[in-house]
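> First the structure, which I've put down as structure tokens, then a few questions once you've had a look.
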Amino acid sequence: MSTPENTNSRLEACLREHAQAFRAHFGDSGGPVRVFFAPGRVNLMGAHLDYNGGPVMPTAIDRGTWFAARLRPDRRVRLASTLEPGERECTLDQLPAHGSGHWSDYPLGVVQALSQRLGEKVGETPGAGSGASRLSGVELLFGGNLTIGAGLSSSASICVGTALALTRLHGLELAPCDWVDLALRAERGFVGVQCGIMDPHAIGLARAGALLWLDCRDGSHTWLPLDPARAGIAVADTRVRRQLAQSAFNERVAECRAAFEWLRRAQPQAGCLREIALETFESERARMPAVLARRAEHVLREVARTFEARRALERGDLAGFGAQMTRAHESLRTHFEVSVPQLDCLVETATALPGVLGSRLTGAGFGGCAVILYERGAETELRERLEGVYGARFGQLPKIELFGGDPGPRELLVER
Ligand code: GLA
Numbered sequence: 061m062s063t064p065e066n067t068n069s070r071l072e073a074c075l076r077e078h079a080q081a082f083r084a085h086f087g088d089s090g091g092p093v094r095v096f097f098a099p100g101r102v103n104l105m106g107a108h109l110d111y112n113g114g115p116v117m118p119t120a121i122d123r124g125t126w127f128a129a130r131l132r133p134d135r136r137v138r139l140a141s142t143l144e145p146g147e148r149e150c151t152l153d154q155l156p157a158h159g160s161g162h163w164s165d166y167p168l169g170v171v172q173a174l175s176q177r178l179g180e181k182v183g184e185t186p187g188a189g190s191g192a193s194r195l196s197g198v199e200l201l202f203g204g205n206l207t208i209g210a211g212l213s214s215s216a217s218i219c220v221g222t223a224l225a226l227t228r229l230h231g232l233e234l235a236p237c238d239w240v241d242l243a244l245r246a247e248r249g250f251v252g253v254q255c256g257i258m259d260p261h262a263i264g265l266a267r268a269g270a271l272l273w274l275d276c277r278d279g280s281h282t283w284l285p286l287d288p289a290r291a292g293i294a295v296a297d298t299r300v301r302r303q304l305a306q307s308a309f310n311e312r313v314a315e316c317r318a319a320f321e322w323l324r325r326a327q328p329q330a331g332c333l334r335e336i337a338l339e340t341f342e343s344e345r346a347r348m349p350a351v352l353a354r355r356a357e358h359v360l361r362e363v364a365r366t367f368e369a370r371r372a373l374e375r376g377d378l379a380g381f382g383a384q385m386t387r388a389h390e391s392l393r394t395h396f397e398v399s400v401p402q403l404d405c406l407v408e409t410a411t412a413l414p415g416v417l418g419s420r421l422t423g424a425g426f427g428g429c430a431v432i433l434y435e436r437g438a439e440t441e442l443r444e445r446l447e448g449v450y451g452a453r454f455g456q457l458p459k460i461e462l463f464g465g466d467p468g469p470r471e472l473l474v475e476r
């Protein structure tokens, strides 16, 4: 896709600049600076299914986080960002047990998860431990071009990329699924967010030109090609950020759990909400609390839609795939109640255009972004129409970005 960020030379220029910013912050001596990249993601199908054991279809995007990094000869960990002032510093011998609400909790959580994985105990005395497997201190400078808090998974991007950087700096033989595991342990354990498994998998297992099909019941996955010559992915940011988005997300997780507990009485062998049969739900719905019935209705029908979307993609029917995205949005609006008028306006406006295949909110909802799948050639009209309609109704323009795919987390530069 012809957006400037998508060219390697543009990304490389950003990363060179980032390496310079690293030297300006941490100093020039101390060896080569290595620079890594981890993308963000959009989810096209399977909304709010990961924590219900359902299938999801995300893909990585060519916007993300970059990490300039260098090992230290001692045990100090220094974390800084070009996007935030200040620095966080601690020692590997006294890592905090939990996050403190600071952005640096995410990378620090990965340091802690890796340190535990390598058999180190938090708080052990310096010099003790497992020789070659012990971690060294590190300096890390974060930056990037991924909008934070917009539902594009900036936190998983930071966590997976930190896992990659630490792994490579220490010469450890860890695979992408290990980075995913470290990222999940950091977010759930250290940071304390009960996130689903989709985001780190979408980033860690990314392949360019493909959607990831991830079955969140057992973690099995495969890749489904999405021809970039035929279809493009745009994201329109409402610029709405809901203060209580995290607690509203946790509320949905709890409601789905309660819906499952209710329905399980009628189908005791079910292990998660995804496994409840539609017939069971239909026979129970009138007796269930109305809110729980709406949540279950979204989840169970979204599972069916996601399988249908996969079949459409496999037979090359992009319009059929897109139609499932748009249906998903309608269900997110009415049954799951995580949309806002700004998102509905973007989805309605986009899907009224002939070159648009489908659209829905991406991420958790409550503001953030709508993702739009469109046929090549529709870019200009799409942008003009979204800006015109949204601007007239809400008094500001949505931020519209055209995304290319991304091959996943990788090292891109060594500056000696
Ligand atoms: C957020 C969570 C994901 C997933 C989506 C909804 O982005 O981080 O794990 O639950 O919401 O599909």
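According to the numbering used here, the residues represented by the sequence shown are 61 to 476, in order. Think of the CB as a built atom: it goes at the ideal place given N, C-alpha and C, for glycine as much as any other residue.
Which one of R324, Q329, I121 has the shortest CA to CA distance from L206?
Considering only alpha carbons, the answer is I121.
> Cα-Cα, which of L104, G114, G428 is closest to L286?
With distances taken between Cα atoms, L286 lies closest to L104.
> Cβ atoms of V400 and G376: under 7 Å apart, would you say?
No, the Cβ-Cβ distance between G376 and V400 is not below 7 Å.
> Does the structure place the stretch 160-171 close enough to the stretch 98-118 that three or more beta carbon pairs sit under 8 Å?
Segments in contact, no.
> Identify, in the order they occur along the chain, each residue of the same chain with its Cβ nearer than 8 Å to the Cβ of L421, setting aside the five sequence neighbours on each side.
So the list reads A107, G211, H389, L392, V398, S399, L403, V407, G428, C429, A430, V431, once near-sequence residues are dropped.
> Where R387 and V116 are concerned, what is the direct C-alpha to C-alpha distance, given to the nearest angstrom?
If I take the Cα positions, the gap works out to 15 Å.
> Identify which residue in G100, E447, L195, G91 has its Cα closest to the Cα of G204.
If we check each option's Cα against that of G204, G100 comes out closest.
> Hey, which unbroken runs of the beta strand (DSSP E) at 3 residues or more fall wholly within the stretch 252-330?
You should have 270-275, 281-285, 291-301.
> My output table needs one value for W163: the three-state DSSP class, helix, strand or coil.
Correct three-state label for W163: coil.
> Kindly examine the ligand GLA and report whether one of its heavy atoms sits closer than 6 Å to the Cβ of A258.
Here residue 258 is Met; the residue named in the question, Ala, does not match the sequence. Within the cutoff, so yes.
> Could you give the first and the last residue of the continuous alpha helix (DSSP H) run that contains V116?
Where V116 is concerned, there is no enclosing alpha helix (DSSP H), although the beta strand (DSSP E) it sits in stretches over 115-131.
> From A216, C219, Q172, F202, pick the residue whose C-alpha is nearest to that of S196; which is it?
Comparing Cα positions, the closest option is Q172.
> Near Q306, what residues of its chain come up, given a Cβ to Cβ distance below 8 Å and the 5 sequence neighbours on each side ignored?
V253.
> If we call anything under 7 Å between Cβ atoms a contact, is A216 one with I257?
Not a contact, by the Cβ cut-off of 7 Å.
> Leaving aside the five residues before and after C405 along the sequence, list all residues of the same chain whose C-beta is less than 8 Å from its C-beta, in chain order.
The answer, listed in chain order, is V449, Y450, R453, F454.
> Using the Cβ count rule (16 or more neighbours within 10 Å means buried), how would you classify P145?
P145 should be labelled exposed.
> In whole angstroms, what separates the C-alpha of T340 from that of L174?
Approximately 43 Å between the Cα atoms of the pair.
> If you draw a straight line from the C-alpha of A289 to the C-alpha of R245, how long is it?
Taking the straight line joining both Cα atoms gives about 37 Å.
> Does the ligand GLA have even one heavy atom less than 6 Å from the beta-carbon of A424?
For the ligand GLA, at least one heavy atom lies less than 6 Å from the Cβ of A424.
> Look up L52 in the DSSP assignment and say whether it is helix, strand or coil.
Since the first and last residues shown for the chain are 61 and 476, residue 52 lies out of range.
> Based on DSSP bridge pairs, tell me the residues matched to Y434.
DSSP, once it has assigned bridges, lists G292, V416 as partnering Y434.
> Indicate whether the contact test is met: 3 or more Cβ pairs, each with one atom in the stretch 74-81 and one in the stretch 234-245, closer than 8 Å.
Segments in contact, no.
> Should V359 be labelled buried (16 or more other beta-carbon atoms within 10 Å of its own) or exposed?
Flag for V359 reads buried.
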